[in-house]
Amino acid sequence: MTVDLSTNYLGLQLANPIVPSASPLTGNIDTLLELAEAGASAVVLPSLFEEQIVHDALAVADLADFGADLSPEFFGGQLPEMDSYNTGSEAYLRTLVRAKEELSIPVIGSLNGDSPGGWVSYGRKIEEAGADALELNIYIVAADMDRTGAEVVDDYLRLVEQMRGTISIPLAVKVGPFFSSMANMARRLVDAGADGLVLFNRFYQPDIDLDALDVTPNLVLSTPFAMRLPLTWIGILYGRLDVSLAATSGVHSAEDVVKLVLAGADVTMSASALLRHGPAHLGVMLQGLEDWLTERDYVSVEQAKGSLSQQSSPDPTAFERANYMRSLVTYASSRS
Amino acid sequence: MPVLGHHPRRMSIHTTPRIVVDGNEAAAKVAFALSEVMAIYPITPASPMGELADAWAQANQTNLWGSVPDVIEMQSEAGAAGALHGALQAGALGATFTASQGLLLMIPNMYKIAGELTPTVIHVAARTVATHALSIFCDHGDVMAARQTGTAMLCANSVQEAHDMALVAHAATLRSRVPFVHFFDGFRTSHEVATIEPIDHHTMRQFIDDDLIAAHRLRSLDPNRPALRGTAQNPDVFFQAREAAEPYYAATPGIVAAVLDQLAEATGRRYELFDYRGASDAERVIVVMGSATGTVTEAVDRMVAAGEKVGVLGVRLFRPFSLEHFAAALPDTVTSIAVLDRTKEPGAVGDPLYLDVAAALREVGRSDTEVIGVRYGLSSKEFTPVMAERIFAELAAPVPRRHSTIGIVDDVSGSSLDVTGAWKEPDSIVRAIFYGLGSDGTVGANKNSVKIIGTNTDRYVQGYFVYDSKKSGAMTVSHLRFGPDEIRSAYLIDEADFVACHQFGFLEKLDMLQHAAHGATFLLNSPYGPDDVWDRLPAETQRHIIDKSIDFYVVDGHRIAAEAGLKGRINTVLQTCFFGLSGVLPREEAIDAIKSAIAKAYGKLGDVVLERNYAAVDGALAGLRQVTVPAAVTSATSIRPPVPAHVPDFVERVTGVLLAGEGDRLPVSAFPVDGTFPTATSMFEKRSIAQEIPIWDPEICIDCARCALVCPHAAIRMKVYDPSIVEDAPDGFLTKAWKGKDFDGMNVTIQVAPDDCTGCAVCVDVCPAKSKEVVKHKAINMQPKDDHLAVERASFDYFLEIPEYDRRLINIGNVKGSQALQPLFEFSGACSGCGETPYVKLMSQLFGDRTIIANATGCSSIYGGNLPTTPYAVDASGRGPAWSNSLFEDNAEFGFGMRLALDQKTETALQLVADLSPQLGALADELMAADQADEAGIAKQRDRVEQLETTLAGIDDPKARRLETLADALVKTDVWIVGGDGWAYDIGFGGLDHVLASGRNLNILVLDTEVYSNTGGQASKATPRAAVAKFAAGGKPTSKKDLGMIAQAYGDVYVAQVAMGANMTQVVKAFTEAEAYPGVSLIIAFSPCIAHGIDMATQMQHQKAAAESGYWPLYRYDPSAVTEGKPALHLDSRKPKITFKEFAATEARFAMLARSNPEHAEELLAQAQQDIDNRWHLYEQMVHVERSAVYAEVEE
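Chains as they are written, first to last, in my numbering: chain A, 258 to 593; chain B, 3 to 1198.
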């Protein structure tokens, strides 16, 4: 008997719980096809990044008439006028439409916005382009000392509410873990209209170049250890909220997928491992998942899902603060 | 009083919606529709016609026959004419666009094309031909220099006519077989934005007979029916054969008249070969051609209305000159005629049109008509209706002056007619003047406003734009008129109903409201609100506001733009305020119109840009405030004098007046007779345009001198001196001990010239010294100028007084040494952060005291020699670069000629020294054997020459007298041939190649910006593959020419490819080696340009990346190395370590294509990478190539 790998995420029936998350691999039709071929059950396109769009549009606008009137000998700007500048969401939406045409699996659009107007209009455009769902990627670096945590939280919730009021496709919200009360935050996000929570996003963080004495923000690929944080919170949240849960960060191997499913993830999202090993690695992970479930006589992913969540775990405290102490004790005892 | 004449709008039978375009676009629209091949070359002010045609072709727009014309950029106008000639011979319908020197370069082919009776049209934006000086502005010098070639010449007097006559020319050339020059006034018409009624393709089609096209094709060269053209003929037949074409010329006026009839029928616009307007019984008539016709017409209309018997005859078909039509157009009652010529033919009986009219009157039997010639409008000199009235007055004089000038004061030959009084324009015309910066979008916004009003109302509109001569901090003045009838006023606004100042800083520089009418509205972009602004105005402005009862409004455009998310883009805000105040459109309607114009202009750029501009529109009116004007002038400040006190006489008398913007009032006697001007004048032009200036922190400085080396404006200086010298330094003057061995025991100061700095920040970008405590703090840092101005002004003045370090003691072959030398090129008006000028400045430091520069036309000739001032300076002994510009195409030859002269003079001088050696004794031997290889050697020889001059004074021998005039030639003099890539790679390449092959001691500096920078960024053969440029909007599909390799092929040419930002030491080394090399030296210098679409502050980083990617490999090819058994080529670059794509992504010229057409960009980028790999591979092999010595020590 073959094990049923299917899972439900955001109301979408997926063939298995392995979904490539937003990365350069999902921004290109060729690699999207390779991912689908390897068994991806859905794909999340790279984020339509509002800040980037705004930056590009303004930069192009500046360039369009750059140096135009510096001399009577100049006619128009320094550079010739182009047919189009692709400054808006057009290129992104074209990729989305193309992905929908070429792929038979659900395509999830992703949006990283920073203004209410931008959220609304781009969310609508992604829906109109045919996305099966939208993943809202929110990350606010709360560096403003005059703003309280509550105010920042309100910003998150307002953005989710606005988007929920704008689109009718399923809405997933991807956030980071840095809330005073993650559990409460999760519930409020769901109350604000999130159909799914994607835990957790990772962003550029500064590094220092010792030669140039310069600060260089960049994103490094995740390590497998990074999956512990989503595992913790998915385990805690599973069964307590009517919401889909997606685990992202550090999903590198079949074992990672299994663990996250056991903790309660509806889907697991991988990017770094696929970037490192290539799209075909998804097939390896998928096979590993199937093998693990088969070897242990699970009939389906649904059967395993959440079986080691906080609610179902023999030791619920393992997910909470005590866990930290326990593990130290365990570690100490193992050395002795 | 009956009025005769034709008003173009009289018969309004056509319903085509009106459009607002400039003259170039009006003409190009027709040319594009009616051509198959267009061979072009950029030249101001005709370039936009070619650029538009190219853009339309790129966008796959089609001609009348549904095909996309082939628009091809050639290497010169001569090349364009040759290609056109060929295309016509092979049966295509062809056209081209040009002006000035460009038309002159076409002349040989024009004779041929006309001699072969080949239909074509050359559209000309008439421009001054360079004589004592270059001028980009308008007169008829160019078309008059082509009037003898056998082309027909049809003149358009307005933007509408540039459209209409373009069609007439294309139609008539096919019917007559005579090629046409269709011309209109450069800038005045070519760049004037005005309302026109366009002719649609369907209508155009009616003018073009397919049979005539077929006949043209049948006449083409075709091996199926072979024929021979371009024979060589001999005395037996040439003359007769030349006369054989005459019937075609005889028929042409009739053909043109017929086409004009057809045009009248099709459009309602009636023109004649000679357009007469005025009293039917006129006694006095002005004959004129070009835009001035409209101006004269205004005067005529008013005079006729006042009962005067005057008229104007506008010449439309100048060649062939139809006596019949001329006679028919001129009322029989005319007794005296003034012929206006917009050109000067020195030494002629009269200027060309005068001579034609005088001869024509004789031929039509009206010899008794008095004819006078009046020259006007050279180089766009203003010509106004008052001047026309003055000319009519002259005609009424008992004995009118036969030849005169108008618009100037000629106190030398006394030619000028004095003009007094002002012209009052009708109240029905709304007149507005806007003062803006070149970089603040004022001109663009005004063009936009003109279009809004021209297309949303039934008003006629006119926009004309005046620029100053600088590319950094350049002021623009926009003159806008709106009225119920077609506007033919081809002159600047003298009294404006609306004046807007878009830059608060202008108030202290010019008399802002001098042209404001009584009761005018004044809009000021001001950081100060309605309650604070008054006291910040200079007294002159306050006085105008009070005396003229001006309504005064302020708006903080910078704040509103920033709040809308459009930092620095004030144009939308100010434009909206104009509409809000001027009332030319109801407010709501105006707002809607502005927004829809924004949508049209910025639609392609995305919603963000649209939304932010809309926000700026909404914020503008909300932020507009009226100022309550006090009853009295309160300001203690006045407009700054243009030059400081105590300047040289010429600077005070002439330069200062030019700087004040009042050059028009200088009389002829103020000027040198031959175009020779003093150098060292930019120092008097304290423009003070920077907001932030670099401030030095000696604590951190490591004396690397990079800031001084890279400064494009010589506004960051380094001076090394004995510490004792600055003991009396003023407070705030900074100094420090020199750290290294180069100037052991000395002190050094890095000093900013605060009023000359343009704030480009290139110096700060390259500064390698960072604070240990706060890394962003460097040894120099951009800081608000106002906080430092007083101290830095005093410090700079003091700095200039510190004696220069003795050149003889400096190792000039490295960066530090080179920067201890005085720059003899300073404070140019080049773009802020220019990539070219650091090289020119370096050359001036190293060799300026002994250099003659031959400068090709282009950016370097404009920032080098555009009045009012020149950046070329002199040292304490009065020595400095002597500079001249000949043409664009001949610069290598020009410099070569200088070398020949210098060598000849040196040789003669040496011979004379030898001949006089008995009297001169040991001095003669020393002079002849002098080693001038270094600074000390040159200094010694200068001493000897001084001694020689003293000695010669006591020798009574004619040879001594001759030697006195040649003695300076005994001191080494360099010739530097300087120009851009347009010159070196394209138009001047033939000459450059010849000079490269000459073996003479010449230094050639190619400032390679990889585009025609001065004309606005058209592609040259130096443009790299994958870059977009004008004429290469789809990305240049071919690779850049490897000029350095071509030069190396000669074997005896020193060649260096340099990029200052990539390797500063190599640059200095290359310059010193090139100068020392006794043959031809060529330095190809990578010069970032605003046309690359980069932040110029970071230009040195771009140079570094260019070298690191292998895009711009650094090398020196030294033929003299061969004699030491070494390979000549030395690569100064390491193997590429970043990809071309990484470099390209940082420059908009490449990145734009990736945005617009990603697939194509990807393809071109891959090919460009292959170019790089391939070239690097070749160079690596070349490094090991051993050559036998083609190089021979050239005798010095």
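Don't be surprised by glycine CBs; every beta carbon is placed ideally from N, CA and C.
Keep in mind the model is a prediction, meaning the values are calculated, not measured.
Nearest candidate by alpha-carbon position, reference residue i, set the options
{"i": "B:R321", "options": "B:F686, B:V359 and B:S78", "result": "B:V359"}
{"i": "B:L736", "options": "B:G747, B:G742, B:D746 and B:V754", "result": "B:V754"}
{"i": "B:C157", "options": "B:Q150, B:A147 and B:V170", "result": "B:V170"}
{"i": "B:N159", "options": "B:V317, B:I1174 and B:Q242", "result": "B:V317"}
{"i": "B:W67", "options": "B:L998, B:V586 and B:H203", "result": "B:H203"}
{"i": "B:A1150", "options": "A:L262, A:L320 and A:E358", "result": "A:L320"}
{"i": "B:T636", "options": "B:R719, B:P540 and B:M685", "result": "B:P540"}
{"i": "B:K1115", "options": "B:A1123, B:I1086 and B:V1124", "result": "Residue identity differs from the one stated: residue 1115 of chain B is Pro in this sequence, not Lys. Measuring from the Cα of B:P1115, the nearest candidate turns out to be B:I1086."}
{"i": "B:I596", "options": "B:A638, B:D534 and B:S451", "result": "B:S451"}
{"i": "A:E547", "options": "A:Y266, A:L269, A:P274 and A:Q270", "result": "A:P274"}
{"i": "B:T952", "options": "B:T967, B:I940 and B:A941", "result": "B:T967"}
Separation of residue j from residue i, as counted between CA atoms
{"i": "B:V629", "j": "B:T543", "result": "14 Å"}
{"i": "B:I489", "j": "B:A1147", "result": "47 Å"}
{"i": "B:P200", "j": "B:E163", "result": "10 Å"}
{"i": "A:T489", "j": "A:Q560", "result": "20 Å"}
{"i": "B:A662", "j": "B:D676", "result": "24 Å"}
{"i": "B:D730", "j": "B:A941", "result": "31 Å"}
{"i": "B:V1", "j": "B:D496", "result": "The question about residue 1 of chain B has no answer here: the residues shown for chain B are numbered 3 through 1198."}
Proximal chain B residues relative to residue i, where beta-carbon distance stays under 7 Å
{"i": "A:V311", "result": "V610"}
{"i": "A:A314", "result": "L607, G608, V610 and V611"}
Own chain partners of residue i with C-beta closer than 8 Å, once the 5 adjacent residues on each side are dropped
{"i": "B:D413", "result": "P669, V670 and S671"}
Same chain only: Cβ atoms within 6 Å of residue i, ignoring 5 sequence neighbours per side
{"i": "B:M76", "result": "A41, Y43, A82 and A85"}
{"i": "A:D261", "result": "S557"}
{"i": "A:A575", "result": "none"}
{"i": "B:A563", "result": "R571, I572, V575 and A618"}
{"i": "A:A386", "result": "L350, L353 and V354"}
{"i": "B:Y1119", "result": "Q1050, V1057, A1130 and L1131"}
{"i": "B:L380", "result": "D141"}
Cut-off 7 Å between Cβ atoms - residues of its own chain near residue i, not counting five sequence neighbours on either side
{"i": "A:N394", "result": "S304, S367, L368, N369, K431 and N458"}
{"i": "B:N1003", "result": "R901, P1080, G1081 and V1196"}
{"i": "A:V500", "result": "V447, A451, D452, G453 and L454"}
{"i": "B:S324", "result": "P255 and L275"}
Cβ-Cβ separation, residue j to residue i (assumed contact under 8 Å), whole Å
{"i": "A:L517", "j": "A:T525", "result": "5 Å"}
{"i": "B:A858", "j": "B:G981", "result": "3 Å"}
{"i": "B:D970", "j": "B:V947", "result": "7 Å"}
{"i": "B:V432", "j": "B:D537", "result": "Contact doesn't hold; Cβ gap of about 31 Å is too wide."}
{"i": "B:F581", "j": "B:A592", "result": "4 Å"}
{"i": "B:K1038", "j": "B:R1027", "result": "6 Å"}
{"i": "B:V123", "j": "B:T175", "result": "6 Å"}
8 Å Cβ cut-off: residues of chain A touching residue i
{"i": "B:T478", "result": "D326"}
{"i": "B:S1158", "result": "M339, D340, S341, Y342 and N343"}
Chain-ordered chain A contacts of residue i [CB-CB under 9 Å]
{"i": "B:P873", "result": "Ordered by position in chain A, no residue passes the 9 Å Cβ test against B:P873, which lies about 16 Å from the chain."}
{"i": "B:S1022", "result": "Correct list: empty, because the minimum Cβ distance to chain A is about 14 Å."}
Listed by chain order, chain A residues near residue i by CB distance under 7 Å
{"i": "B:P50", "result": "F332"}
Cross-chain neighbours of residue i in chain B, by beta carbon under 9 Å
{"i": "A:D464", "result": "None at all; the shortest Cβ gap to chain B is about 15 Å."}
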